[in-house]
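Residue numbers (our numbering): 1248 to 1795.
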């Protein structure tokens, strides 16, 4: 029975940092002994092709070739093309045999299978080989796919929004109602129902899209579920993205160890690893390289897991170190976006060869994983402590605010109390004055009450004087009326009078006489009344009444 697809790259003997990739012809004796003569011959051809690729790589680097060798170069190229056609036919035969004898190849020819995958899986074999590599046929969920499509997912709106941005230039996904977009939506929706913790994460659609280019949607769904469960992708796509942090931490260690000069330059420019490497891990270079190159990387990922992402990433940095150290932060960002993705378009094998030569030690990576877990645990404890301190700080601030408000309230109360005390003192002073006035009034009343005879005589006298005044006033008014009657009578007889001025003079005399009589009457009345008031003793504290 084949081992799980992620039976750890650490278990493969070629993963050591001290070994580079071995050519197919140089396979270990244990693998060669299990091969038939036809397979050995095919492996020899693969080894020869590998040497041709290496030679072609060297010839491309030399820019000064002589004209004499141009003819031989054409002959060599023609010969290589002929060899390639025969090699492709032989490769098809070999992969057909591998698929038919899969269990035997996984158990007894593991290293050779690894080398063949690194050389590239033929296009028409990819669908079946990818499914065999991850044991997708054994997935029980595959039978539930049609039932999942009839259900509704809370992530449908997000999925619809993103699928239009997944391979927008590819014919299979071009157009809003294209078949590619519809099946992509189905697979993403089905997975969001199977794994509700992850649901849908942006970036995973590119992986599913690549699977759909190779196989039907049911098989693509099964393979994607296996990738999420067995290839660390689920941890990468969780909301916390803790696995992405671990991958960045491990990649930074490789960068510091193998490219210290470039690492120092990145740090001096504040060019963080996450700025360029996050998409490498989340989309497995599917958004970085053109599809032919990215598919070659994905072939190896299906067998070796995330190790190939570290290898390819380091190979890119090694290849471009001289240029990157000359650029500032903005220049490096542009370089990563526009230059690096197309450097190996014409020959993906060169990129794979460089990637396989990168030093990668699984034991060190495992140790870094433990270090990162310890750091995150400590960081979590610190965050909990910080959260606790922030909570206490918030409570203390609230308490201080309460105390400050209480202090302000007490100051206002003290001010109000001071105002009340002043008002109370003023009221007490007024009360004291009123009490003294009341005491004097009561004393006067008692004096008056103690001599009732004087009071009665005084009142009787006032009444008598009042009657006299009223009588005199009545007499005066009568005299005045009589004079007015005379005046009216004289006015009626005015035409008979010789001189008008005599009448005026007579009226003035009458008025003077009336006023004089009225003034004498009031003078007599006030004089008598004043004499009587002067005979009455005044109350203490009160001014003596004096007639005017």
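Beta carbons are placed, not taken as given, at the ideal position from N, Cα and C, and that holds for glycine.
Classification of residue 1555 by the beta-carbon crowding that lies within 10 angstroms, buried from 16 upward: On the chain shown, position 308 is the one that residue 1555 refers to. Per the 10 Å Cβ criterion, buried.
N- and C-terminal bounds of the alpha helix (DSSP H) containing residue 1409: As a working mapping, residue 1409 is identified with position 162 in the chain shown. From DSSP, the alpha helix (DSSP H) with residue 1409 extends over 1403-1410.
Outcome for residue 1644 when other beta-carbon atoms lying within 10 angstroms are tallied against a minimum of 16: Mapped onto the chain shown, residue 1644 falls at position 397. Taking a 10 Å sphere around the C-beta of residue 1644, we find fewer than 16 other C-beta atoms and assign the residue as exposed.
Cβ-Cβ distance between residue 1533 and residue 1457 below 7 Å: Mapped onto the chain shown, residue 1533 falls at position 286. Mapped onto the chain shown, residue 1457 falls at position 210. Contact flag set, yes.
C-beta atoms of residue 1406 and residue 1358 nearer than 7 Å: The residue you call residue 1406 lines up with position 159 of the chain shown. The residue you call residue 1358 lines up with position 111 of the chain shown. Cβ atoms of residue 1406 and residue 1358: not closer than 7 Å.
Residue 1360 versus 1371, 1504, 1344, residue with shortest Cα-Cα distance: As a first step, residue 1360 must be located in the chain shown, where it is residue number 113. The shortest C-alpha to C-alpha distance from residue 1360 to any of 1371, 1504, 1344 is the one to 1344.
Best match in 1543, 1392, 1588 for proximity to residue 1362 [C-alpha to C-alpha]: The residue labelled residue 1362 in the question sits at position 115 within the chain shown. When only C-alpha atoms are compared, the closest one is 1543.
Residue 1589 versus residue 1535 - alpha carbon distance: Translated into positions along the chain shown, residue 1589 becomes position 342. Translated into positions along the chain shown, residue 1535 becomes position 288. So the alpha carbons of these two residues sit roughly 9 Å apart.
Beta-carbon proximity check, residue 1450 vs residue 1530, cutoff 7 Å: Locating residue 1450 in the chain shown gives position 203, where the first residue counts as 1. Locating residue 1530 in the chain shown gives position 283, where the first residue counts as 1. Contact check for residue 1450 against residue 1530 passes: the beta carbons are separated by less than 7 Å.
Enclosing alpha helix (DSSP H) for residue 1494 [first to last residue]: As a working note, residue 1494 is residue 247 in the chain shown. Start and end: 1489-1505.
Beta-carbon contacts of residue 1259 that lie in its chain and below 6 Å, excluding the five residues immediately before and after: As a working mapping, residue 1259 is identified with position 12 in the chain shown. In this predicted model, residue 1259 has a pLDDT of only 35, less than 50, meaning its place in the structure is not dependable; the value taken from the coordinates is given anyway. Closer than 6 Å at Cβ, skipping near neighbours: no residue.
Proximity below 7 Å, CB of residue 1349 to CB of residue 1470: Against the chain shown, residue 1349 aligns to sequence position 102. Against the chain shown, residue 1470 aligns to sequence position 223. Cβ distance not < 7 Å, so residue 1349 and residue 1470 don't count as in contact.
Extent of the continuous alpha helix (DSSP H) run through residue 1561: Position 314 of the chain shown, counted from the start, is the residue given in the question as residue 1561. Residues 1554-1571.
Helix, strand or coil at residue 1631 [DSSP, three-state]: Numbered from its first residue, the chain shown carries residue 1631 at position 384. Here residue 1631 sits in helix by DSSP.
Contacting residues, own chain, Cβ-Cβ under 7 Å from residue 1315 (five flanking each side not counted): Within the chain shown, numbered from 1, the residue matching residue 1315 stands at position 68. At residue 1315, the pLDDT of 35 sits below 50, so the modelled position is not reliable and the matter cannot be decided from this model.
Three-state secondary structure (DSSP) of residue 1626: In the chain shown, counting from the first residue as 1, residue 1626 sits at position 379. In the structure shown, residue 1626 adopts helical secondary structure according to DSSP, grouped into three states.
Same chain, Cβ closer than 7 Å to residue 1365, neighbours up to 5 away in sequence not counted: As a position in the chain shown, residue 1365 is number 118, starting the count at 1. Answer for residue 1365: 1268, 1547, 1599, 1603, listed in chain order.
Close-in-space but distant-in-sequence residues of the same chain around residue 1484 (CB under 8 Å, 5 per side omitted): Your numbering for residue 1484 matches position 237 in the chain shown. Excluding sequence neighbours, residue 1484 sits near 1445, 1448, 1450, 1451, 1475, 1529.
Buried or exposed by the 16-neighbour rule on C-beta atoms within 10 Å, applied to residue 1527: Walking along the chain shown from the start, residue 1527 turns up at place 280. By the 16-neighbour rule on beta-carbons within 10 angstroms, residue 1527 is buried.
Residue range of the alpha helix (DSSP H) that includes residue 1550: Indexing the chain shown from 1 puts residue 1550 at position 303. Counted as a single uninterrupted DSSP element, the alpha helix (DSSP H) harbouring residue 1550 occupies residues 1538-1551.
DSSP state of residue 1381 mapped onto helix, strand, coil: Locating residue 1381 in the chain shown gives position 134, where the first residue counts as 1. Three-state result, residue 1381: coil.
Close Cβ partners of residue 1537 (< 8 Å) along its chain, the five nearest in sequence each way excluded: Within the chain shown, residue 1537 is the residue found at index 290, counting from 1. Annotation for residue 1537: 1588, 1589, 1592 place their beta carbon closer than 8 Å to its own, counting only its chain and skipping 5 residues before and after.
Inter-residue Cα distance where the pair is residue 1477 and residue 1608: Position 230 of the chain shown, counting from 1, holds the residue named residue 1477. Position 361 of the chain shown, counting from 1, holds the residue named residue 1608. Their Cα atoms are separated by approximately 21 Å.
Backbone secondary structure at residue 1475 - three-state DSSP: On the chain shown, residue 1475 is found 228 positions in, with the first residue counted as 1. Three-state DSSP puts residue 1475 in a helix.
Residue 1454 burial status per 10 Å Cβ neighbour count (16 or more: buried): Mapped onto the chain shown, residue 1454 falls at position 207. Buried, since its Cβ has 16 or more Cβ neighbours within 10 Å.
Proximity winner among 1516, 1473, 1620, relative to residue 1379 (alpha-carbon distances): Numbered from 1 along the chain shown, position 132 holds the residue referred to as residue 1379. Looking at the Cα atoms, 1473 is the closest of the given residues.
Three-state secondary structure (DSSP) of residue 1511: Here residue 1511 refers to the residue found at position 264 of the chain shown. In this structure, residue 1511 counts as helix in the three-state DSSP scheme.
Within the segment 1658-1743, ranges of the beta strand (DSSP E) (whole runs, at least 3 residues): As far as the segment 1658-1743 is concerned, it has no whole beta strand (DSSP E) run of at least 3 residues.
Three-state secondary structure (DSSP) of residue 1387: Counting from 1 along the chain shown, the entry for residue 1387 is found at position 140. Three-state result, residue 1387: helix.
Distance, residue 1656 Cα to residue 1650 Cα: Along the chain shown, one-based indexing puts residue 1650 at 403. Along the chain shown, one-based indexing puts residue 1656 at 409. Whole-angstrom Cα-Cα distance: 10 Å.
Check whether residue 1619 and residue 1509 have beta carbons under 7 Å apart: The residue you call residue 1619 lines up with position 372 of the chain shown. The residue you call residue 1509 lines up with position 262 of the chain shown. Not closer than 7 Å, so no.
Residue 1275 to residue 1513 span [Cα, whole Å]: Locating residue 1275 in the chain shown gives position 28, where the first residue counts as 1. Locating residue 1513 in the chain shown gives position 266, where the first residue counts as 1. Because the pLDDT at residue 1275 is just 40, under 50, the model does not fix this residue reliably, and the value given afterwards should be weighed accordingly. So the two alpha carbons sit approximately 41 Å from each other.
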